[in-house]
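S.K.: Below are the structure tokens for one structure; questions will follow.
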Amino acid sequence: MRKLLLCALLLSGCAIVPQNRRAHLADPTMAIEDDALDAYRKQKLYGVREGAAGGDGAAAGGGCGCQ
Amino acid sequence: MTRPSALVAALFVVLAVAGGPARADEPLATDAIFGAPRPYSIESVRSRFTHFSQNGRGFQSQADGPPGSEELTVEQPQLEIVAHQGASITHRLWVPLDVITAASPDALDAVSTASRTNEAGTIDIASTWQATRATAATLHGGFHLEEPYRGWDLGAAFAHSFADDNAVVSASINVFYDWLDTFDLIGTRLIRAGRSTTNANLGITQLLSSTTVAHLDYGVTLQSGELGNTWNAVPLSTGTLAQEKLPTFRQRHAFVGRLAQWLPWRGALHLYYRFYVDDWGMLAHSAEAQLYQRIGNLVWVRASYRVHQQSGVSFFATSASPTAALRSADSDLAPFVAQTFGGAVGVDLPMIPRLRLVSVDVGYERYVRTNDLHVDIITIGVGFRL
Numbered sequence: 001m002r003k004l005l006l007c008a009l010l011l012s013g014c015a016i017v018p019q020n021r022r023a024h025l026a027d028p029t030m031a032i033e034d035d036a037l038d039a040y041r042k043q044k045l046y047g048v049r050e051g052a053a054g055g056d057g058a059a060a061g062g063g064c065g066c067q
Numbered sequence: 068m069t070r071p072s073a074l075v076a077a078l079f080v081v082l083a084v085a086g087g088p089a090r091a092d093e094p095l096a097t098d099a100i101f102g103a104p105r106p107y108s109i110e111s112v113r114s115r116f117t118h119f120s121q122n123g124r125g126f127q128s129q130a131d132g133p134p135g136s137e138e139l140t141v142e143q144p145q146l147e148i149v150a151h152q153g154a155s156i157t158h159r160l161w162v163p164l165d166v167i168t169a170a171s172p173d174a175l176d177a178v179s180t181a182s183r184t185n186e187a188g189t190i191d192i193a194s195t196w197q198a199t200r201a202t203a204a205t206l207h208g209g210f211h212l213e214e215p216y217r218g219w220d221l222g223a224a225f226a227h228s229f230a231d232d233n234a235v236v237s238a239s240i241n242v243f244y245d246w247l248d249t250f251d252l253i254g255t256r257l258i259r260a261g262r263s264t265t266n267a268n269l270g271i272t273q274l275l276s277s278t279t280v281a282h283l284d285y286g287v288t289l290q291s292g293e294l295g296n297t298w299n300a301v302p303l304s305t306g307t308l309a310q311e312k313l314p315t316f317r318q319r320h321a322f323v324g325r326l327a328q329w330l331p332w333r334g335a336l337h338l339y340y341r342f343y344v345d346d347w348g349m350l351a352h353s354a355e356a357q358l359y360q361r362i363g364n365l366v367w368v369r370a371s372y373r374v375h376q377q378s379g380v381s382f383f384a385t386s387a388s389p390t391a392a393l394r395s396a397d398s399d400l401a402p403f404v405a406q407t408f409g410g411a412v413g414v415d416l417p418m419i420p421r422l423r424l425v426s427v428d429v430g431y432e433r434y435v436r437t438n439d440l441h442v443d444i445i446t447i448g449v450g451f452r453l
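Line by line, the protein sequences give chains D and C. So that you can map any letter, position 26 of the first sequence is 26 in the numbering used here, and since no number is skipped, the others follow by simple counting. Just add 67 to the spot in the second sequence (first one is 1) and you have the numbering used here.
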């Protein structure tokens with residue numbers, strides 16, 4: 001079952017979506033990454049308050065002189 | 068006979084003058100359509116203001132404890148300016164500030180300003196070179212300043228798109244170096260310590276259909292040096308307080324998956340999952356769902372829910388042995404489950420002269436942990452596209 005799921009995922013990943021069929025993907029609500037300023041305020045909270053933050057592109061928390 | 072000949076000749080002259088050098092079989096250059104790019108132009112100016120209000124108790128704080136108060140407020144303004152230099156270079160200037168009042172450092176006067184507030188600021192500049200239509204490279208550098216702490220960072224990133232932008236592969240590396248003042252448990256300022264952090268990431272974004280996009284990411288972070296704030300207290304089994312003892316090295320791994328799905332009723336569903344593991348014994352799962360809904364062409368609303376579960380570090384203790392080589396009572400390193408409930412509303416206004424778009428959004432979130440901590444967050448964003 002897991003192999004089937006993986007195959008389905010990989011095969012679907014090979015699909016080509018032409019430029020003229022990307023209208024929905026261009027909507028700002030479909031942005032795959034959070035808005036940078038909104039992402040920072042989230043990172044500030046989770047990076048400081050959760051010892052499991054960091055490791056994924058963000059400065060790992062801890063040691064901030066104020067909190 | 069002479070009149071038609073004169074008419075044809077006049078028509079030829081008009082076409083030759085109006086047509087200029089272009090020919091039917093030559094594609095029009097971008098400059099011919101949009102005009103030559105300006106040498107320097109500002110693309111967008113955005114700002115966001117966020118208020119954090121935290122309450123709770125943790126054994127690391129000496130404020131009215133143990134467990135001590137973790138009361139804290141943060142006022143966080145941010146400003147971002149994006150500018151183009153010519154056709155292929157983009158600069159981003161980003162300045163976040165944090166104005167903080169916190170019970171834990173105040174209890175031992177680690178932050179010594181009379182107003183009991185600590186102002187922390189960062190300046191970060193990133194420049195992106197669009198080398199080809201499919202390839203971009205970014206360099207960034209930043210400086211962070213607050214009362215007992217200085218930080219510098221440098222980074223580089225690379226992105227390449229394949230198959231007519233159906234897939235984008237990205238990689239980045241970031242290096243941080245921090246100086247921080249160290250303290251003992253009664254707030255005496257001691258020597259300056261250092262910490263270095265190196266972080267590398269690899270990601271891929273893939274269009275799965277005309278309504279679905281997915282992203283996978285792996286990041287590794289290596290840290291060495293003083294990895295605590297140095298004033299955190301640990302209750303001992305003898306009934307006294309002692310200083311936290313942390314390892315001087317940490318290796319952290321994070322695996323992230325994201326999925327965005329367009330919904331037929333003009334909505335969008337975002338799913339997020341993150342798995343984290345490190346060599347301090349911490350293992351964590353985080354999952355988040357966001358549901359967007361457009362109302363008309365200008366307004367959107369968003370509801371979000373996030374859950375985070377972490378195992379805690381192997382040396383976490385609220386009653387530690389006096390002989391323990393490593394110990395921490397920091398509630399942020401404890402085992403807990405955290406939930407975030409949130410909502411936001413935004414509006415895009417393409418109607419003000421000289422501005423292509425003005426966007427405004429307002430949001431509220433409540434973060435609740437099972438180990439006696441909660442945070443209320445209010446955020447307001449304003450953006451201009453010029």
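Glycine included, C-beta positions come from ideal geometry on N, C-alpha and C. Keep in mind the model is a prediction, meaning the values are calculated, not measured.
Decide if C/Ser182 is buried, meaning its Cβ has at least 16 other Cβ atoms within 10 Å, or exposed.
M.R.: Within the second sequence, numbered from 1, the residue matching residue 182 of chain C stands at position 115. Residue placement at C/Ser182 is poorly supported in this model, since its pLDDT is 49, which falls under 50; the coordinates still yield a value, given next. Exposed is the call here.
S.K.: In three-state DSSP terms, what is C/Val301?
M.R.: Locating residue 301 of chain C in the second sequence gives position 234, where the first residue counts as 1. Strand at C/Val301.
S.K.: Please check if any C-beta of chain D sits within less than 9 Å of the C-beta of C/Ser304.
M.R.: The count along the second sequence starts at 1 and reaches residue 304 of chain C at position 237. Taking Cβ atoms only, chain D never reaches closer than 9 Å to C/Ser304, which makes this a no.
S.K.: Give the interface partners of C/Pro163 over in chain D, defined as CB-CB distance under 9 Å, in chain order.
M.R.: Taking the first residue of the second sequence as position 1, residue 163 of chain C is located at position 96. Going along chain D in sequence order, the residues near C/Pro163 (Cβ under 9 Å) are Leu37, Tyr40, Arg41 and Lys44.
S.K.: In chain order, what residues of the same chain lie with their CB nearer than 6 Å to the CB of C/Phe383, ignoring the 5 residues before and after it?
M.R.: If you number the second sequence from 1, residue 383 of chain C lands on position 316. Take C/Phe383, set aside five residues on each side of it, and the residues of its chain with a beta-carbon closer than 6 Å to its own are Ser395, Leu400 and Ala401, in chain order.
S.K.: Can you look up D/Pro28 in the DSSP assignment and give me helix, strand or coil?
M.R.: For the purposes of this step, residue 28 of chain D is taken as residue 28 along the first sequence, with counting starting at 1. Secondary structure of D/Pro28 (DSSP, three-state): helix.
S.K.: CB C/Gly413 to CB C/Gly379, shorter than 9 Å?
M.R.: If you number the second sequence from 1, residue 413 of chain C lands on position 346. If you number the second sequence from 1, residue 379 of chain C lands on position 312. Not closer than 9 Å, so no.
S.K.: Run through chain C and tell me which residues come within less than 7 Å of D/Ala52, C-beta to C-beta.
M.R.: Here residue 52 of chain D is taken as the residue at index 52 of the first sequence, counted from 1. Going along chain C in sequence order, the residues near D/Ala52 (Cβ under 7 Å) are Tyr343, Met349, Ala351 and Gln377.
S.K.: Which residues in chain D sit within 7 Å of C/Tyr434, going by Cβ to Cβ distance?
M.R.: Locating residue 434 of chain C in the second sequence gives position 367, counting from the first residue. What C/Tyr434 touches in chain D: Leu45.
S.K.: Output needed for C/Val435: all residues of its chain with C-beta closer than 6 Å, excluding positions within five of it in sequence on either side, in chain order.
M.R.: For the purposes of this step, residue 435 of chain C is taken as the residue at position 368 of the second sequence. Excluding sequence positions up to five before and after C/Val435, its CB lies within less than 6 Å of the CB of Gln406 and His441, all in the same chain and listed in chain order.
S.K.: Using a C-beta cutoff of 9 Å, does C/Glu311 count as contacting chain D?
M.R.: In the second sequence, residue 311 of chain C corresponds to position 244, counting from 1. Residue contact with chain D for C/Glu311: absent (no Cβ-Cβ distance below 9 Å to any residue of chain D).
S.K.: C/His337 and C/Ala321: beta carbons closer than 9 Å?
M.R.: Counted from its first residue, the second sequence places residue 337 of chain C at position 270. Counted from its first residue, the second sequence places residue 321 of chain C at position 254. No, the pair does not count as a contact, with Cβ atoms beyond the cut-off.
S.K.: Note down, in chain order, each residue of its chain lying with its Cβ closer than 6 Å to the Cβ of C/Phe316, except the 5 sequence neighbours on either side.
M.R.: Position 249 of the second sequence holds residue 316 of chain C. The residues are Ser291.
S.K.: Expressed to the nearest angstrom, what Euclidean distance is found between the alpha-carbon atoms of C/Gly254 and C/Asn185?
M.R.: Counting from 1 along the second sequence, the entry for residue 254 of chain C is found at position 187. Counting from 1 along the second sequence, the entry for residue 185 of chain C is found at position 118. C/Gly254 and C/Asn185: Cα-Cα distance of roughly 16 Å.
S.K.: What in chain D is Cβ-close to C/Val449, meaning under 8 Å?
M.R.: Walking along the second sequence from the start, residue 449 of chain C turns up at place 382. The contacting residues do not exist; C/Val449 stays about 10 Å from chain D at best.
S.K.: State the DSSP-derived secondary structure class of C/Pro144, mapped to helix, strand or coil.
M.R.: The residue labelled residue 144 of chain C in the question sits at position 77 within the second sequence. C/Pro144: strand per DSSP, three-state reduction.
S.K.: Cβ of C/Gly334 less than 9 Å from any chain D Cβ?
M.R.: The residue you call residue 334 of chain C lines up with position 267 of the second sequence. Judged by the 9 Å Cβ criterion, C/Gly334 is in contact with chain D.
S.K.: Just verifying my parser: in three-state terms, what is the DSSP assignment at C/Gln121?
M.R.: Here the question's residue 121 of chain C lines up with position 54 in the second sequence. Here C/Gln121 sits in strand by DSSP.
S.K.: Please compile the residues from chain D whose C-beta is within a distance smaller than 7 Å of the C-beta of C/Tyr359.
M.R.: Taking the first residue of the second sequence as 1, we reach residue 359 of chain C at position 292. Against C/Tyr359, the close residues of chain D are Thr29, in the order they occur along the chain (beta-carbon pairs closer than 7 Å).
S.K.: For C/Ser381, list the residues DSSP reports as bridge partners.
M.R.: Translated into positions along the second sequence, residue 381 of chain C becomes position 314. Per DSSP, none; premise fails for C/Ser381.
S.K.: Please state whether DSSP places D/Leu11 in a helix, a strand or coil.
M.R.: The count along the first sequence starts at 1 and reaches residue 11 of chain D at position 11. Unreliable positioning characterises D/Leu11 in this predicted model, as indicated by a pLDDT of 49, which lies under 50. The coordinate reading is nonetheless provided below. Looking at D/Leu11 - three-state DSSP - the assignment turns out to be helix.
S.K.: State yes or no: is the beta carbon of C/His282 nearer than 9 Å to at least one beta carbon in chain D?
M.R.: For the purposes of this step, residue 282 of chain C is taken as residue 215 along the second sequence, with counting starting at 1. At least one chain D Cβ lies under 9 Å of C/His282.
S.K.: Quick check on C/Asn438: does DSSP put it in helix, strand or coil?
M.R.: The residue labelled residue 438 of chain C in the question sits at position 371 within the second sequence. Residue state, collapsed to three classes: coil.
S.K.: Does C/Trp219 have its Cβ less than 9 Å from a Cβ in chain D?
M.R.: Residue numbering aside, residue 219 of chain C sits at position 152 when the second sequence is read from its first letter. No, C/Trp219 does not count as interfacial toward chain D.
S.K.: For D/Leu68, count neighbouring Cβ atoms within 10 angstroms of its own Cβ and tell me buried if that reaches 16, exposed if not.
M.R.: Residue 68 of chain D lies beyond the stretch modelled for chain D, which goes from 1 to 67, so this question has no answer here.
S.K.: Just tell me which of C/Arg105, C/Ala391 and C/Ala154 has its CA closest to the CA of C/Glu311.
M.R.: Within the second sequence, numbered from 1, the residue matching residue 311 of chain C stands at position 244. Nearest C-alpha to C/Glu311: C/Ala391.
S.K.: With a threshold of 9 Å between beta-carbons, can C/Asp415 be considered close to chain B, or not?
M.R.: Checking the listed chains, one finds no chain B in this structure; the protein chains it contains are D and C.
S.K.: Whose C-beta lies closer than 6 Å to the C-beta of C/Val301 among residues of the same chain, with five residues either side of it excluded?
M.R.: Along the second sequence, read from residue 1 onward, the residue named residue 301 of chain C stands at position 234. So the list reads Ala309, Glu311, Ala387, Arg394 and Ala396, once near-sequence residues are dropped.
S.K.: Taking 6 Å as the limit between beta carbons, can you name the residues of its chain near C/Ser398, skipping five residues before and five after?
M.R.: Numbered from its first residue, the second sequence carries residue 398 of chain C at position 331. Gly125 and Asn438.
S.K.: Output, in chain order, the set of chain D residues within a Cβ distance shorter than 9 Å of C/Asp231.
M.R.: Reading the second sequence from its first residue, position 164 is the one you call residue 231 of chain C. Chain D residues near C/Asp231: Ile16, Val17, Pro18 and Gln19.
S.K.: If we define contact as Cβ-Cβ less than 9 Å, is C/Arg369 a contact residue for chain D?
M.R.: Against the second sequence, residue 369 of chain C aligns to sequence position 302. For C/Arg369, the answer is yes, since a Cβ of chain D falls inside 9 Å of its Cβ.
S.K.: Where does D/Gly47 sit, in a helix, a strand or coil, going by DSSP?
M.R.: Position 47 of the first sequence, counted from the first residue, corresponds to residue 47 of chain D. Three-state DSSP puts D/Gly47 in a helix.
S.K.: In chain order, what residues of the same chain have a beta carbon less than 7 Å from the beta carbon of C/Ala130, not counting five sequence neighbours either side?
M.R.: Numbered from its first residue, the second sequence carries residue 130 of chain C at position 63. For C/Ala130, where only same-chain residues beyond five positions count, the Cβ hits under 7 Å are Ser136, Ala170, Ser171, Asp173 and Ala174.
S.K.: Starting from C/Ser155, trace the beta strand (DSSP E) both ways and give me its first and last residue.
M.R.: As a first step, residue 155 of chain C must be located in the second sequence, where it is residue number 88. Premise fails: C/Ser155 is in no beta strand (DSSP E) and is neither H nor E.
S.K.: Grouping DSSP H, G and I as helix and E and B as strand, with all else coil, what is D/Gln19?
M.R.: Within the first sequence, numbered from 1, the residue matching residue 19 of chain D stands at position 19. Looking at D/Gln19 - three-state DSSP - the assignment turns out to be helix.
S.K.: Which residues, taken in chain order from the region 106-129 of chain C, show a beta carbon closer than 9 Å to some beta carbon of chain D?
M.R.: Arg113, Ser114, Arg115, Thr117, Phe119 and Gln121
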